[in-house]
Amino acid sequence: MKKILYILYIFILAIIVAFRIYSIGHEKTYHTAHHFNHNELKISEAYARAASPNAKSGAIFFIIENGTDVEVLLSGVKTDVAKRAELHVHKENKNGVMSMMKIEGGLKIAPKSALIFKRGGQHIMLMGLKQSLENGTIIPIELVFQDKSAQLKITVDNDRPIEHSSHKMSH
Ligand SMILES: [Cu+2]
Numbered sequence: 596m597k598k599i600l601y602i603l604y605i606f607i608l609a610i611i612v613a614f615r616i617y618s619i620g621h622e623k624t625y626h627t628a629h630h631f632n633h634n635e636l637k638i639s640e641a642y643a644r645a646a647s648p649n650a651k652s653g654a655i656f657f658i659i660e661n662g663t664d665v666e667v668l669l670s671g672v673k674t675d676v677a678k679r680a681e682l683h684v685h686k687e688n689k690n691g692v693m694s695m696m697k698i699e700g701g702l703k704i705a706p707k708s709a710l711i712f713k714r715g716g717q718h719i720m721l722m723g724l725k726q727s728l729e730n731g732t733i734i735p736i737e738l739v740f741q742d743k744s745a746q747l748k749i750t751v752d753n754d755r756p757i758e759h760s761s762h763k764m765s766h
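Residue numbering for the sequence shown follows this note's numbering, starting at 596 and increasing by one per position.
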């Protein structure tokens, strides 16, 4: 009888250990897949560009990840390098012509998710540039959220190729 209890005890212990190992493996997969810093907003792959050295407007692109558990509203952008900075999106009208328009009311970023600002998609538009956007120039911008703001320094990279749609979040 004692022997049976002993075997049962070992058996239960083995199940607990096996489950623990499984959980650890599972957790790891989750973290790698999401690549979030917990409770943070993260900006990556940021760059600015202009169509030509004399252009009066330019644009900024990046990926913004919301690692927090709450929805975040990106309500606007401030910068000293242009008269105006707006959140823009490219949209196709009913005649099939692509044009840009201002995103009214800001952009919501769901918890544990990301928004990609890219060429031909959402971008930050710089209108009325006060300086030319030469490669390597660093532009200070401020992203404005509901209750906080983030100061960023964005490098101009006019030679950056257009992002592929298969862009992966991990880097
Ligand atoms: Cu635009």
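Cβ atoms here follow ideal geometry from the backbone N, Cα and C, with glycine treated the same way.
Apart from the five residues on each side of it in sequence, which residues of its chain come closer than 6 Å, Cβ to Cβ, to residue i?
{"i": "glycine 691", "result": "none"}
{"i": "isoleucine 711", "result": "Ile658"}
{"i": "lysine 703", "result": "Glu666 and Leu668"}
{"i": "threonine 674", "result": "Ala680 and Ile736"}
{"i": "aspartate 664", "result": "Pro706"}
Quick check on residue i: does DSSP put it in helix, strand or coil?
{"i": "lysine 680", "result": "Note on identity: in this sequence residue 680 is alanine, with lysine being the wrong assignment. Three-state DSSP puts alanine 680 in a strand."}
{"i": "lysine 598", "result": "helix"}
{"i": "leucine 636", "result": "strand"}
{"i": "isoleucine 757", "result": "coil"}
To the nearest angstrom, how far is it from the Cα of residue i to the Cα of residue j?
{"i": "phenylalanine 740", "j": "methionine 722", "result": "21 Å"}
{"i": "lysine 697", "j": "glutamate 681", "result": "7 Å"}
{"i": "isoleucine 757", "j": "glycine 653", "result": "15 Å"}
{"i": "glycine 662", "j": "tyrosine 601", "result": "47 Å"}
{"i": "lysine 597", "j": "phenylalanine 606", "result": "14 Å"}
Should residue i and residue j be called a contact, given that it needs their Cβ atoms to be closer than 8 Å?
{"i": "aspartate 742", "j": "tyrosine 642", "result": "no"}
{"i": "alanine 709", "j": "glutamate 660", "result": "yes"}
{"i": "methionine 693", "j": "methionine 720", "result": "no"}
Leaving out the 5 sequence neighbours to the left and right, which residues in its chain are closer than 8 Å to residue i when beta-carbon positions are compared?
{"i": "asparagine 730", "result": "Val751, Asp752, Asn753 and Asp754"}
{"i": "lysine 725", "result": "Asp675, Val676, Ala677 and Lys678"}
Under 7 Å Cβ to Cβ from residue i, same chain only, skipping five residues before and after it: list those, please.
{"i": "arginine 644", "result": "Gly653, Ala654, Leu728, Val751, Asp752, Asn753 and Arg755"}
Would you mind listing the beta strand (DSSP E) stretches within the stretch 691 to 740 that are 3+ residues and don't spill past its ends, in chain order? The stretch 691 to 740 contains these whole beta strand (DSSP E) runs: 693 to 697, 702 to 704, 708 to 712, 718 to 724 and 733 to 740.
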